[in-house]
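Heads up: the structure comes next, in structure tokens.
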Amino acid sequence: MALFWCAILYAVIIVNAFCHLSLDSLEFRRYGESGNIVIKEYDNKLLIRSETREIISFSPNSLELLSHLTYKNLFSTDSLTSNHVKQWQLHSFDTFQDNESQLWTPNKTSQCGNSGDIFLGGFCKLAHGEAIRYYNSLPQHTLARLTARVHFFDKWLGQSIILAVNNKIVWTDTYKWCEDFSMNCKSDGIDVCGQQYPDRISVSLDVTFAHTEDSLMISFSSTLNKDTDPCEISWGVDDVALYLV
């Protein structure tokens, strides 16, 4: 507690090398502005407060911000709580732009046209089968959250893409390339990859589930037949993020 106290006071007044100072509270007058700032100890905490509200509370193991926060440069913390509610921590984020695909099986990646966006799977890469990722040595947590973007390419006829966690299905979505006359579907749809059929791109998923173990396995798969040619129907995933709390 003395180190925090010394650090706060040092910028305002000169103290000796051992930082010896004893007082009940310290008040700073703000000339030209209404209200003063007070530093005091209360309930084994060091408080910084104005005349109307507490601003910051220090304890040996925590820093509590009780007002608006503005910071510059890097801000790092092991955990964050807002209004007594723990906030999600991003544990892993696979964009597939670098070497994240090596964490997946299979690990083939694609990009569409001149786009620089790289994703897992894609045209002639994924159809039947699954893409698997293992997470190990997870920190202590009680909930997990997965977000991602899913791509359907070419001639889907109502089949589904599935996300499973530890072999339990937690999300699924379907796509049918044409619900009406094929001439209208091709002219009105957008083809971005593979054959000349409209694609369904960047379907968002966001699932939350209870989880406490230190490991996790996720898998993306489809209901396409085993003999499906991935150069006729395919799919991909991108920006797979795992959050813990």
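Basically the working numbering = 1-based index in the sequence shown + 153. No residue lacks a Cβ here, since even glycine has one placed at the ideal position from N, Cα and C. A quick note: this is a predicted structure, and the numbers were derived from the prediction, not measured.
Cutoff 7 Å; reference residue i; Cβ partners in own chain excluding five residues on either side
i: residue 312; result: 327, 375, 376 and 377
Status (buried if at least 16 other CB within 10 Å, exposed otherwise) for residue i
i: residue 389; result: buried
i: residue 192; result: buried
i: residue 206; result: exposed
i: residue 373; result: buried
i: residue 393; result: buried
i: residue 278; result: buried
i: residue 340; result: exposed
i: residue 383; result: buried
Where the beta strand (DSSP E) containing residue i begins and where it ends
i: residue 300; result: 296–307
i: residue 246; result: 242–247
i: residue 388; result: 386–397
i: residue 329; result: 321–329
i: residue 361; result: 353–363
Integer Cβ distance of residue i from residue j, believed to fall under 8 Å
i: residue 330; j: residue 351; result: 6 Å
i: residue 439; j: residue 303; result: Lying outside 154 to 398, the shown extent of the chain, residue 439 is not represented and no answer is given.
i: residue 346; j: residue 306; result: 5 Å
i: residue 371; j: residue 299; result: 7 Å
8 Å CB neighbourhood of residue i in its chain, flanking five on each side removed
i: residue 219; result: 206, 207, 208, 209 and 210
i: residue 238; result: none
Same chain, Cβ closer than 6 Å to residue i, five either side skipped, listed in chain order
i: residue 265; result: 345 and 346
i: residue 240; result: 233
i: residue 396; result: 241, 243 and 298
From the options, residue whose alpha carbon lies closest to that of residue i
i: residue 361; options: 322, 355 and 391; result: 322
i: residue 276; options: 365, 214 and 349; result: 349
i: residue 101; options: 188, 196, 215 and 194; result: For the chain, the structure presents residues 154 to 398; residue 101 sits outside this window and is missing.
i: residue 353; options: 319, 381 and 314; result: 314
i: residue 288; options: 282, 258 and 308; result: 258
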